[in-house]
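Asker: Would you mind keeping the following structure in view while I ask a few things?
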Amino acid sequence: KNEVEQSPQNLTAQEGEFITINCSYSVGISALHWLQQHPGGGIVSLFMLSSGKKKHGRLIATINIQEKHSSLHITASHPRDSAVYICAVMNTGNQFYFGTGTSLTVIP
Amino acid sequence: NAGVMQNPRHLVRRRGQEARLRCSPMKGHSHVYWYRQLPEEGLKFMVYLQKENIIDESGMPKERFSAEFPKEGPSILRIQQVVRGDSAAYFCASSGQGYQPQHFGDGTRLSIL
């Protein structure tokens with residue numbers, strides 16, 4: 668069993684829809700990252716959080732430490748949001764565990 | 038303010054050759070991480086280094102792979118006697134002291150003929 672589980676694996680949405688991607692983990696963590704990987708392969712770090720909620724533009728990330736769960740929300744989705752979104756957790760020993768990613772396609 | 042620089046972007050090697058992948062962290066960053074992404078698979082942690090020290094290499098294959106981050110110059114991921122299974126995208130990330138966000142390079146795509 669993977670230490671980090673993401674759902675869904677694949678997601679197709681119409682432009683403008685509200686999108687939620689979920690991440691559950693089974694290890695104790697010091698921080699959780701949400702990453703975005705575009706078709707060209709480059710990786711961008713969207714959020715790093717250890718509690719509560721963060722917002723950046725149309726993106727919102729939340730984490731519930733007790734439930735070992737995080738969500739990434741995209742409001743008013745746009746075709747340029749199409750990418751793979753990866754949840755990664757860092758345990759207290761600075762070791763990283765990655766989810767397998769959620770492939771998002773936003774259709775105009 | 039340059040980001041994390043990886044080179045080369047693409048590297049082709051024949052089986053048995055050596056591959057050297059370079060990573061220059063962001064200015065002011067002293068922590069470097071290497072990750073591997075095999076085709077159709079997720080990212081996997083390989084090694085975490087600080088200047089002149091390997092902090093965690095639990096994700097590194099036991100043989101043929103080594104990493105260094107010298108006092109001067111880029112971090113190097115070295116793969117000796119490459120095999121077909123080494124074909125992957127190798128990403129480097131860097132961060133500052135403490136629990137800081139990691140910034141990723143664009144990766145090196147390694148292809149083994």
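Heads up: the sequence lines are chains Z and S, in that order.
If you count by the numbering used here, then the first sequence holds residues 668 to 775, one letter each, in order.
If you count by the numbering used here, then the second sequence holds residues 38 to 150, one letter each, in order.
Every residue, glycine too, gets a C-beta built ideally from N, C-alpha and C.
Verify whether the separation of the beta carbon atoms of residue 42/S and residue 140/S is less than 8 Å.
Answerer: The count along the second sequence starts at 1 and reaches residue 42/S at position 5. The count along the second sequence starts at 1 and reaches residue 140/S at position 103. No, these two residues do not count as a Cβ contact at 8 Å.
Asker: Just to make sure I have the definition right: I need the residues of chain Z whose C-beta is within less than 8 Å of the C-beta of residue 82/S. Which are they?
Answerer: Taking the second sequence and counting its residues from 1, one reaches residue 82/S at position 45. Residues of chain Z passing the Cβ test: 762, 763, 764 and 765.
Asker: If you draw a straight line from the alpha carbon of residue 757/Z to that of residue 697/Z, how long is it in whole angstroms?
Answerer: The count along the first sequence starts at 1 and reaches residue 757/Z at position 90. The count along the first sequence starts at 1 and reaches residue 697/Z at position 30. Those two C-alpha atoms are separated by around 6 Å.
Asker: Which class does residue 40/S belong to by DSSP, given the choice of helix, strand or coil?
Answerer: Residue numbering aside, residue 40/S sits at position 3 when the second sequence is read from its first letter. Here residue 40/S sits in coil by DSSP.
Asker: Measure from the C-beta of residue 85/S to each C-beta in chain Z and report whether the shortest distance is under 8 Å.
Answerer: Residue 85/S sits at position 48 when you count from the first residue of the second sequence. Cβ-Cβ to chain Z under 8 Å: yes for residue 85/S.
Asker: How far does the beta strand (DSSP E) with residue 75/S in it reach, from first residue to last?
Answerer: Numbered from its first residue, the second sequence carries residue 75/S at position 38. No beta strand (DSSP E) contains residue 75/S, which DSSP labels as neither H nor E.
Asker: With 16 other CB atoms within 10 Å as the buried threshold, where does residue 772/Z fall?
Answerer: Position 105 of the first sequence, counted from the first residue, corresponds to residue 772/Z. By the neighbour-count rule (16 or more Cβ atoms within 10 Å), residue 772/Z is not buried but exposed.
Asker: Three or more beta-carbon pairs under 8 Å between the stretch 55-70 of chain S and the stretch 115-129 of chain S, yes or no?
Answerer: At 8 Å Cβ cutoff, the stretches touch.
Asker: Is the CB of residue 118/S under 8 Å away from at least one CB in chain Z?
Answerer: As a first step, residue 118/S is located in the second sequence; it is residue number 81 there, counting from the start. Not closer than 8 Å to any Cβ of chain Z, the Cβ of residue 118/S fails to qualify, so no.
Asker: Residue 100/S lies in the beta strand (DSSP E); which residues open and close that run?
Answerer: Numbered from 1 along the second sequence, position 63 holds the residue referred to as residue 100/S. Where residue 100/S is concerned, there is no enclosing beta strand (DSSP E), given that its DSSP letter is neither H nor E.
Asker: Under a CB-based cut-off of 8 Å, is residue 39/S close to chain Z?
Answerer: Here the question's residue 39/S lines up with position 2 in the second sequence. No, its Cβ sits nowhere closer than 8 Å to a Cβ of chain Z.
Asker: Run down chain Z in chain order and give the residues with a C-beta less than 7 Å from the C-beta of residue 184/S.
Answerer: What the structure shows of chain S is the stretch from 38 to 150, and residue 184/S is not part of that stretch, so it cannot be assessed.
Asker: According to DSSP, residue 743/Z sits in a beta bridge with which residue or residues?
Answerer: Position 76 of the first sequence holds residue 743/Z. Its beta-bridge partners do not exist; DSSP assigns none.
Asker: On a Cα-Cα basis, can you pick out the residue from 106/S, 148/S and 146/S that is closest to residue 131/S?
Answerer: Translated into positions along the second sequence, residue 131/S becomes position 94. Closest option to residue 131/S, Cα to Cα, is 106/S.
Asker: Tell me, please, whether the stretch 710-718 of chain Z touches the stretch 762-772 of chain Z by the rule of three or more beta-carbon pairs shorter than 8 Å.
Answerer: Short answer: they don't touch.
Asker: Can you tell me the Cα-Cα spacing of residue 108/S and residue 88/S, whole angstroms?
Answerer: As a working mapping, residue 108/S is identified with position 71 in the second sequence. As a working mapping, residue 88/S is identified with position 51 in the second sequence. The straight-line gap from Cα to Cα measures roughly 6 Å.
Asker: What is the residue span of the beta strand (DSSP E) that residue 753/Z lies within?
Answerer: One-based indexing of the first sequence puts residue 753/Z at position 86. From DSSP, the beta strand (DSSP E) with residue 753/Z extends over 750-758.
Asker: Would you mind telling me which residues of chain Z sit closer than 8 Å to residue 128/S, beta carbon to beta carbon, in chain order?
Answerer: On the second sequence, position 91 is the one that residue 128/S refers to. By Cβ distance, chain Z contributes 710.
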